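A short write-up of the structure that comes next.
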Amino acid sequence: MKLLGAALCVVAVAMPGLMRDVVGLGGVGLVSYGAWMIYPPAGFITAGILLIVGTLLLALGNRAAG
């Protein structure tokens with residue numbers, strides 16, 4: 005029972021970061037899908053650009069924090 009309680013505490017601590025990431029990826033997907041509906045190659049280009057920008061922001065944030 006103590007193990008379950010500890011596991012729930014870990015999940016509760018990790019949940020805000022996980023939800024932020026899920027919502028962010030959902031937003032990338034929706035923007036890319038909208039661009040794809042206008043012109044199919046634009047969807048792939050948009051998704052790639054958004055993922056690259058997100059990765060760069062994460063890398064810069066980790067470098068500034070560490």
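Heads up: take any position in the sequence shown, counting from 1, add 4, and you land on the numbering used here.
Glycine included, every Cβ here is placed at the ideal spot set by N, Cα and C.
Computed from a predicted model, the values in this text were never measured in an experiment.
Counting along the chain, the unbroken alpha helix (DSSP H) around M23 starts and ends at K6 to I42. If you ignore the 5 residues before and after W40, its C-beta comes within less than 7 Å of the C-beta of A46 and G47, all in its own chain and listed in chain order.
Note that the C-beta distance between L55 and V32 is below 8 Å. With contacts defined as CB atoms closer than 8 Å, V35 and T50 qualify as a contacting pair.
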